[in-house]
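Residue numbers (my numbering): 6 to 377. By construction, the Cβ of each residue, glycine as well, lies at the ideal position given by its N, Cα and C atoms. Computed from a prediction, not measured in an experiment: that's the story for all the values here.
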């Protein structure tokens with residue numbers, strides 16, 4: 006989303022950091038460095054330069070996250086405004102309906118007054134028998150009662166609509182306040198970038214040359230997002246389509262059901278046999294799952310969650326790219342179209358997984374047996 010002024014400035018700054026530590030040859034303008042060579046040189050910058058680079062990378066991710074959040078809020082604001090506009094139209098219609106019915110009631114009451122009490126008595130006395138009398142009395146009573154109830158119902162509906170509008174007005178006000186807060190936060194982030202600019206003011210030469218090359222590296226993060234999104238779509242099929250050997254599943258029957266152990270070597274063998282997945286390796290540890298994408302210099306960490314009785318999800322919570330920490334917003338962007346989902350029906354059949362526990366080098370499933 007953000008490839009405008011903010012990221013361009015940040016990319017320029019990153020380029021400037023590297024000017025004094027890499028590409029110092031007088032013939033560098035004629036060089037055609039590959040991405041691999043540029044990546045290699047990034048790892049050989051000084052500690053101070055790397056710290057600044059990490060700050061810039063972190064700042065870029067934060068600004069992108071804020072911009073995405075701002076866009077979502079603007080969409081919500083537009084939706085709320087549309088709802089409010091629709092409610093205002095309904096309130097206007099019901100108010101007019103109420104006023105029209107009120108005018109009718111006034112006419113009815115004026116008719117009653119013109120008729121006077123003698124007319125009511127006359128209507129009743131004209132009854133030919135007791136049945137006719139009761140019917141006339143009930144008709145007069147219902148006429149008065151129903152007119153009042155009609156007005157009450159219209160008035161109640163109008164009040165409910167006004168209450169809904171007040172509620173939407175309050176939500177809209179909160180959204181607009183969030184938008185103002187976000188704008189302020191983005192402005193503060195821009196100020197911090199300006200401070201870093203001042204810190205690096207001495208590094209001003211050859212920035213266009215390096216901006217083009219460093220821009221390629223930063224765009225690699227977008228390529229990684231696409232790679233992850235494609236991988237998540239394929240990941241759910243790996244157990245069903247993989248060559249899962251029965252002897253690789255360590256099963257034990259307990260009083261509470263079945264305990265199944267799956268080792269990381271088994272997972273990795275199945276993953277690596279899938280040609281539609283990028284090169285990746287999974288490691289199980291007691292506190293987290295680690296997913297490594299060596300060709301992308303990407304590392305992700307997370308945990309298992311149980312979606313339903315036969316489906317698991319790897320919930321990624323943190324990660325790094327070329328050693329730089331990935332912010333939550335960047336990770337969320339990776340998984341906008343889906344997560345790493347595991348359909349484990351080929352392993353447990355119609356039975357139900359009740360718990361999952363990570364161990365060093367393997368994962369332990371507790372499965373409840375369903376006979377029918």
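> Is residue 261 buried or exposed, if buried means 16 or more other CB atoms sit within 10 Å of its CB?
Replying inline: Within the chain shown, the letter at position 256 stands for residue 261. Burial call: exposed.
> Expressed to the nearest angstrom, what Euclidean distance is found between the alpha-carbon atoms of residue 255 and residue 169?
Replying inline: Here residue 255 is taken as the residue at index 250 of the chain shown, counted from 1. Here residue 169 is taken as the residue at index 164 of the chain shown, counted from 1. Looking at the two C-alpha atoms, the distance is approximately 58 angstroms.
>> Just to confirm, is the Cβ distance from residue 264 to residue 271 under 8 angstroms?
In response: Numbered from 1 along the chain shown, position 259 holds the residue referred to as residue 264. Numbered from 1 along the chain shown, position 266 holds the residue referred to as residue 271. Taking 8 angstroms as the cut-off, the Cβ atoms of residue 264 and residue 271 do not count as close.
> Between residue 344 and the rest of its own chain, which residues show a CB-CB distance below 8 angstroms, the 5 nearest in sequence each way excluded?
Replying inline: Your numbering for residue 344 matches position 339 in the chain shown. The beta carbon of residue 344 is closer than 8 angstroms to those of 237, 318, 319, 320 and 321 in its chain, skipping five residues each way along the sequence.
> Three-state secondary structure (DSSP) at residue 189?
Replying inline: As a working note, residue 189 is residue 184 in the chain shown. In the structure shown, residue 189 adopts helical secondary structure according to DSSP, grouped into three states.
>> Let me check one thing: in DSSP terms, what residues is residue 264 bridge-paired to?
In response: Looking up residue 264 in the chain shown gives position 259. Bridge pairing for residue 264: 257 and 371 [DSSP].
> So what's residue 85 in DSSP terms, helix, strand or just coil?
Replying inline: Sequence index remark: in the chain shown, residue 85 carries index 80 (1-based). Residue 85 falls in the helix class under three-state DSSP.
> Just to confirm, are residue 284 and residue 300 a CB contact at a threshold of 8 angstroms?
Replying inline: For this step, residue 284 is matched to residue 279 along the chain shown. For this step, residue 300 is matched to residue 295 along the chain shown. Yes, they are a contact pair.
> Taking the alpha-carbon positions, what's the residue 89 to residue 60 distance?
Replying inline: The residue you call residue 89 lines up with position 84 of the chain shown. The residue you call residue 60 lines up with position 55 of the chain shown. Rounded to the nearest angstrom, the two C-alpha atoms are 43 angstroms apart.
>> Check whether the stretch 350-366 and the stretch 326-333 touch, using three or more Cβ-Cβ pairs below 8 angstroms as the test.
In response: Here the stretch 350-366 does not lie against the stretch 326-333, with fewer than 3 beta-carbon pairs under 8 angstroms apart.
>> Less than 6 angstroms between C-beta atoms, sequence neighbours within five positions excluded: which residues of the same chain meet that for residue 81?
In response: Translated into positions along the chain shown, residue 81 becomes position 76. Excluding sequence neighbours, residue 81 sits near 180.
> What is the DSSP secondary structure of residue 210, reduced to helix, strand or coil?
Replying inline: Looking up residue 210 in the chain shown gives position 205. A caution first: residue 210 carries a pLDDT of 49, below 50, which makes its placement in the model too unreliable to give a value.
> Of all the options 83, 195 and 338, which has the alpha carbon lying nearest to the alpha carbon of residue 177?
Replying inline: The sequence position of residue 177 within the chain shown is 172, counting from 1. For residue 177, the nearest C-alpha among the options comes from 83.
> Who are the Cβ neighbours of residue 191 in its own chain at under 6 angstroms, not counting the five residues just before and after it?
Replying inline: Position 186 of the chain shown, counted from the start, is the residue given in the question as residue 191. Correct list, in chain order: 71.
> Does the beta-carbon of residue 292 have 16 or more other beta-carbons within 10 angstroms, so that it is buried, or is it exposed?
Replying inline: To locate residue 292, count along the chain shown from 1; it is residue 287. The residue is exposed, with fewer than 16 neighbouring Cβ atoms inside 10 Å.
> Whose C-beta lies closer than 7 angstroms to the C-beta of residue 304 among residues of the same chain, with five residues either side of it excluded?
Replying inline: Translated into the one-based positions of the chain shown, residue 304 becomes position 299. Cβ neighbours of residue 304 beyond the five flanking positions: 295, 297, 324 and 325.
>> On the DSSP bridge list, what partners appear for residue 343?
In response: Along the chain shown, one-based indexing puts residue 343 at 338. None; residue 343 has no bridge partner.
>> Can you find the residues in the same chain that come closer than 6 angstroms, C-beta to C-beta, to residue 279, ignoring five residues on each side of it along the sequence?
In response: Within the chain shown, the letter at position 274 stands for residue 279. Excluding residues within five positions, the ones whose Cβ falls inside 6 angstroms are 243.
> DSSP on residue 11, reduced to helix/strand/coil?
Replying inline: Translated into the one-based positions of the chain shown, residue 11 becomes position 6. In this predicted model, residue 11 has a pLDDT of only 49, less than 50, meaning its place in the structure is not dependable; the value taken from the coordinates is given anyway. Annotated three-state conformation of residue 11 is helix, per DSSP.
> Between which two residues does the beta strand (DSSP E) harbouring residue 306 extend?
Replying inline: Numbered from its first residue, the chain shown carries residue 306 at position 301. 303-313 is the extent of the beta strand (DSSP E) around residue 306.
>> If contacts are defined as beta-carbon pairs under 8 angstroms, then residue 183 and residue 78 qualify, I think. What distance do you get, rounded to the angstrom?
In response: On the chain shown, residue 183 is found 178 positions in, with the first residue counted as 1. On the chain shown, residue 78 is found 73 positions in, with the first residue counted as 1. Indeed they touch by this definition, with Cβ atoms about 6 angstroms apart.
>> Considering Cα atoms alone, identify which of 370, 166, 267 and 172 is closest to residue 310.
In response: Counting from one through the chain shown, the residue named residue 310 turns up at place 305. Closest by C-alpha distance to residue 310, out of 370, 166, 267 and 172, is 370.
> So does residue 241 have its beta carbon nearer than 7 angstroms to some heavy atom of the ligand FAD?
Replying inline: As far as ligands go, the structure on display features none, and thus does not contain the ligand FAD.
>> Quick test of your reading: residue 368 and residue 289, contact by CB under 8 angstroms. State the CB separation rounded to the nearest angstrom.
In response: On the chain shown, position 363 is the one that residue 368 refers to. On the chain shown, position 284 is the one that residue 289 refers to. Rounded, the Cβ-Cβ distance is 5 angstroms, consistent with contact.
> If you follow the beta strand (DSSP E) that residue 292 is part of, which residue opens it and which one closes it?
Replying inline: Here residue 292 is taken as the residue at index 287 of the chain shown, counted from 1. No beta strand (DSSP E) holds residue 292; DSSP gives it neither H nor E.
> Going by the beta-carbon positions, is the gap between residue 315 and residue 349 smaller than 8 angstroms?
Replying inline: Translated into the one-based positions of the chain shown, residue 315 becomes position 310. Translated into the one-based positions of the chain shown, residue 349 becomes position 344. Contact flag set, yes.
> Leaving out the 5 sequence neighbours to the left and right, which residues in its chain are closer than 6 angstroms to residue 338 when beta-carbon positions are compared?
Replying inline: The count along the chain shown starts at 1 and reaches residue 338 at position 333. Result list for residue 338: 230, in chain order.
>> Within a Cβ cutoff of 7 angstroms, which residues of the same chain sit near residue 373, ignoring the five residues on either side of it in sequence?
In response: What you label residue 373 is simply residue 368 of the chain shown in a count that begins at 1. Cβ neighbours of residue 373 beyond the five flanking positions: 262, 356, 357 and 359.
> Relative to the C-alpha of residue 269, which residue among 363, 102 and 63 is closest?
Replying inline: For this step, residue 269 is matched to residue 264 along the chain shown. Answer by Cα proximity: 363.
>> Between the alpha carbons of residue 266 and residue 328, how many angstroms are there, rounded?
In response: Within the chain shown, residue 266 is the residue found at index 261, counting from 1. Within the chain shown, residue 328 is the residue found at index 323, counting from 1. In a straight line, the C-alpha of residue 266 is about 32 angstroms away from that of residue 328.
> So what does residue 272 bridge to, in DSSP terms?
Replying inline: Here residue 272 corresponds to residue number 267 of the chain shown, with the count starting at 1. Its beta-bridge partners do not exist; DSSP assigns none.
>> Closest to residue 65 by C-alpha separation, out of 92, 227 and 282, would be which residue?
In response: Position 60 of the chain shown, counted from the start, is the residue given in the question as residue 65. Of all alpha-carbon atoms in 92, 227 and 282, the one lying nearest the alpha-carbon of residue 65 is that of 227.
> For residue 282, does the three-state DSSP call read helix, strand or coil?
Replying inline: Here residue 282 is taken as the residue at index 277 of the chain shown, counted from 1. Residue 282 sits in coil when the DSSP states are folded into three classes, being neither helix nor strand.
> Along the chain, where does the beta strand (DSSP E) that runs through residue 361 open and close?
Replying inline: One-based indexing of the chain shown puts residue 361 at position 356. For residue 361, the uninterrupted beta strand (DSSP E) run begins and ends at 357-364, by DSSP.
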